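Numbering-wise, the sequence shown is residues 134 to 415 according to the working numbering. Single-structure report; data block below.
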Amino acid sequence: MSAVAAAPRVIYRRPSVLTDVSTRYCPGCGHGIIHRLIAEVLEELGVAGRTIAVAPVGCSVFAYEYLSLDWCEAPHGRAPAVATGIRRVRPDAFVLTYQGDGDLAAIGTGEIVHAAARGELITAVFVNNGIYGMTGGQMAPTTLLGQKTTSSPAGREASLAGYPVPMTEMLAVLPGVAYAARGSIADPSAIGRTKAMIRKACQAQLGGEGFAIVEVLSNCPVGWGMTAPESIQYLKDVVVATYPLGVLADRTGSKRGSGGTPEPASPGPGGHAAAVATAKEA
Ligand SMILES: Cc1ncc(C[n+]2csc(CCOP(=O)(O)OP(=O)(O)O)c2C)c(N)n1
Ligand code: SF4
Ligand SMILES: [Mg+2]
């Protein structure tokens with residue numbers, strides 16, 4: 134009698150939303166991991182077929198080659214404004230933006246702030262690698278104090294270039310923001326928590342709750358002048374000290390127009406530091 138082979142246990146399979154091609158990212162770049170998380174969440178929520186995504190400038194733009202969705206390109210920080218228009222004329226669509234820190238926190242500061250303030254029903258994925266990756270590793274608003282870039286070769290100095298901008302904390306205080314969180318791709322457990330955040334941010338849109346954003350701390354080994362493992366260690370040891378991980382605002386369940394009381398938006402007397410200190414891990 135021949136033994137019947139046990140069915141193989143599937144541990145991982147490529148989500149159908151992820152195109153089956155090699156990416157053009159540098160070895161060790163975090164963008165690919167974030168693409169996979171988005172692909173998995175959209176597939177699991179069953180919304181990929183009605184998703185319209187908006188791409189930025191920067192290396193982040195290549196998302197449109199690797200996520201098999203309907204895409205619209207909105208260069209230079211305009212993704213939240215374009216996403217607003219799409220969501221308003223296509224209320225049946227699920228609308229996602231994907232932006233880097235140069236795109237979202239520099240040239241696009243106005244668009245993201247006002248889309249969040251209006252509580253637009255869009256989900257924003259904000260990839261913060263602390264640098265302008267695509268254009269040669271220049272300083273971004275998010276670059277850490279002391280961090281060397283091609284435009285701050287001696288390290289960012291506050292007296293000359295100001296302080297790193299905590300975009301997600303700033304957005305989190307706005308009542309139109311249903312959900313704001315910061316995750317990372319530094320290790321498997323952080324990646325799992327980041328996926329849960331992206332899922333929650335998508336569910337906020339599906340529930341009509343308001344604007345939702347997940348900032349994902351990512352690496353840019355080439356722009357940072359590091360090997361890929363060194364860049365991951367830097368993410369874990371250094372970057373999180375300026376950008377703590379966790380949920381920064383969760384007003385889901387207090388659906389606008391429902392008469393519910395939103396969770397207080399103000400970080401209180403301790404300012405952003407206190408808000409961050411009390412941020413919950415997802
Ligand atoms: C000389 C020049 N200046 C400015 C730009 C506009 N620009 C395109 S990509 C980019 C950097 C984007 O950085 P980020 O959004 O952080 O994306 P990353 O590449 O890090 O993923 C800039 C400034 C340009 N294309 N060329
Ligand atoms: S330059 Fe940086 S962000 Fe761009 S692909 Fe290379 S590692 Fe990734
Ligand atoms: Mg960047």
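Don't be surprised by glycine CBs; every beta carbon is placed ideally from N, CA and C. What you are looking at is a predicted structure, and each value in this text was computed from that prediction instead of being measured.
Go to residue 355, then tell me how far its alpha helix (DSSP H) extends in each direction, as first and last residue. Position 222 of the sequence shown, counted from the first residue, corresponds to residue 355. In the DSSP annotation of this structure, the continuous segment of the alpha helix (DSSP H) that includes residue 355 starts and ends at 354 to 357.
Taking the straight line between their C-alpha atoms, what separation do you get for residue 269 and residue 283? The residue you call residue 269 lines up with position 136 of the sequence shown. The residue you call residue 283 lines up with position 150 of the sequence shown. Taking the straight line joining both Cα atoms gives about 7 Å.
Here's the rule: buried if 16 or more other CB atoms are within 10 angstroms of the residue's CB, otherwise exposed. What is residue 147? Counting from 1 along the sequence shown, the entry for residue 147 is found at position 14. Exposed, because fewer than 16 other Cβ atoms sit within 10 Å of the Cβ of residue 147.
Ends of the alpha helix (DSSP H) at residue 280? Within the sequence shown, numbered from 1, the residue matching residue 280 stands at position 147. It is not in any alpha helix (DSSP H) - residue 280 carries neither H nor E in the DSSP assignment.
Could you name the residues of the same chain whose beta carbon sits closer than 7 Å to that of residue 279, not counting the 5 residues immediately before and after it, in chain order? Stepping through the sequence shown from its first residue, residue 279 is reached at position 146. Counting only Cβ-Cβ distances below 7 Å, and skipping sequence neighbours, we find 288 and 289.
Identify the continuous alpha helix (DSSP H) that holds residue 185 and give its terminal residues. Along the sequence shown, one-based indexing puts residue 185 at 52. Counting along the chain, no alpha helix (DSSP H) covers residue 185; the unbroken beta strand (DSSP E) around it starts and ends at 184 to 188.
Identify which residue in 365, 311, 188 and 322 has its Cα closest to the Cα of residue 234. By one-based count along the sequence shown, residue 234 stands at place 101. For the residues 365, 311, 188 and 322, the minimum Cα distance to residue 234 belongs to 188.
Span of the beta strand (DSSP E) holding residue 158? Stepping through the sequence shown from its first residue, residue 158 is reached at position 25. Where residue 158 is concerned, there is no enclosing beta strand (DSSP E), given that its DSSP letter is neither H nor E.
From residue 173 to residue 297, what does the alpha carbon distance come to, in whole angstroms? Counting from one through the sequence shown, the residue named residue 173 turns up at place 40. Counting from one through the sequence shown, the residue named residue 297 turns up at place 164. Taking the straight line from one Cα to the other gives about 31 Å.
Pick out whichever of 366, 152 and 157 has its Cα sitting closest to the Cα of residue 181. Here residue 181 corresponds to residue number 48 of the sequence shown, with the count starting at 1. When only C-alpha atoms are compared, the closest one is 152.
Do residue 268 and ligand 1 come close, with the Cβ less than 7 Å from some heavy atom? Stepping through the sequence shown from its first residue, residue 268 is reached at position 135. Yes, Cβ of residue 268 sits closer than 7 Å to a heavy atom of ligand 1.
Is the beta carbon of residue 328 sitting closer than 8 Å to the one on residue 170? Counting from one through the sequence shown, the residue named residue 328 turns up at place 195. Counting from one through the sequence shown, the residue named residue 170 turns up at place 37. Contact flag set, yes.
Give, in chain order, every unbroken run of the alpha helix (DSSP H) that is at least 4 residues long and sits entirely within the stretch 161 to 220. 164 to 178 and 196 to 199
Given the structure, does residue 154 come close to ligand 2, in the sense that its CB is under 7 Å from one of the ligand's heavy atoms? If you number the sequence shown from 1, residue 154 lands on position 21. Result no, Cβ not under 7 Å from ligand 2.
Just to confirm the assignment, what range does the alpha helix (DSSP H) spanning residue 245 have? Taking the sequence shown and counting its residues from 1, one reaches residue 245 at position 112. Taken as a continuous stretch (DSSP letters only), the alpha helix (DSSP H) holding residue 245 covers 242 to 250.
Coil, strand or helix - residue 375 by DSSP: Taking the first residue of the sequence shown as position 1, residue 375 is located at position 242. The answer is helix: DSSP assigns residue 375 an H, G or I state.
Can you have a look at residue 325 and say buried or exposed, based on whether 16 or more other CB atoms are within 10 angstroms of its CB? Taking the sequence shown and counting its residues from 1, the one referred to as residue 325 is at position 192. Flag for residue 325 reads exposed.
For ligand 1, any of its heavy atoms closer than 7 Å to the Cβ of residue 273? Residue 273 sits at position 140 when you count from the first residue of the sequence shown. Under cutoff, so the answer is yes.
Mapping the DSSP letters down to three states, classify residue 332 as helix, strand or coil. Sequence index remark: in the sequence shown, residue 332 carries index 199 (1-based). Correct three-state label for residue 332: helix.
For residue 350, the residue or residues it bridges with in DSSP: Along the sequence shown, one-based indexing puts residue 350 at 217. DSSP output for residue 350 lists 261 and 317 as bridge partner(s).
Taking only three categories from DSSP, how would you classify residue 151? Counting from one through the sequence shown, the residue named residue 151 turns up at place 18. The answer is strand: DSSP assigns residue 151 an E or B state.
Considering only the alpha carbon of each residue, which of 262, 248 and 373 lies closest to residue 256? Within the sequence shown, residue 256 is the residue found at index 123, counting from 1. Looking at the Cα atoms, 248 is the closest of the given residues.
Is residue 340 helix, strand or coil when you go by DSSP? Indexing the sequence shown from 1 puts residue 340 at position 207. Residue state, collapsed to three classes: coil.
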